[in-house]
Amino acid sequence: MGIIVLIEPQAGHKPDLDGKTWVIAGLRAVHAAPSDPDTPDDPADRTFCGQDTAPLERHSYHPDSPGAHWYPANLTPWVCVGCDTALRG
Ligand SMILES: [Zn+2]
């Protein structure tokens, strides 16, 4: 099962659709979702913490080694506790 990193933008923030140049100030939380079984490049309907993935923006980060964190290190302060707990469990 793949993991897709998703960014929850601040209300009113205009997302960068390329997902490459996220302005930290526009970020509310970092979530993760399992990849959709039918379309592995897309996230499933819900994050690991149960949030609807539709309004979330995809982040280009992928863990590059076994044991690596599921989130980009520079976004650690914004990691969703619910998703992190689910992924560690
Ligand atoms: Zn979450």
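In the working numbering, the protein residues as written are 28 to 116. Heads up, the beta-carbon is just placed ideally off N, CA and C, and yes, glycines get one too.
- In this structure, D65 lies away from R73, with their beta-carbon atoms at least 8 Å apart.
- Closest in alpha carbon position to D69, among G109, G77, S87, is S87.
- Between the C-alpha atoms of L83 and A95 there is a straight-line separation of about 23 Å.
- Relative to ligand 1, even the nearest heavy atom lies 7 Å or more away from the CB of G116.
- The Cβ atoms of P67 and G53 do not sit closer than 8 Å to each other.
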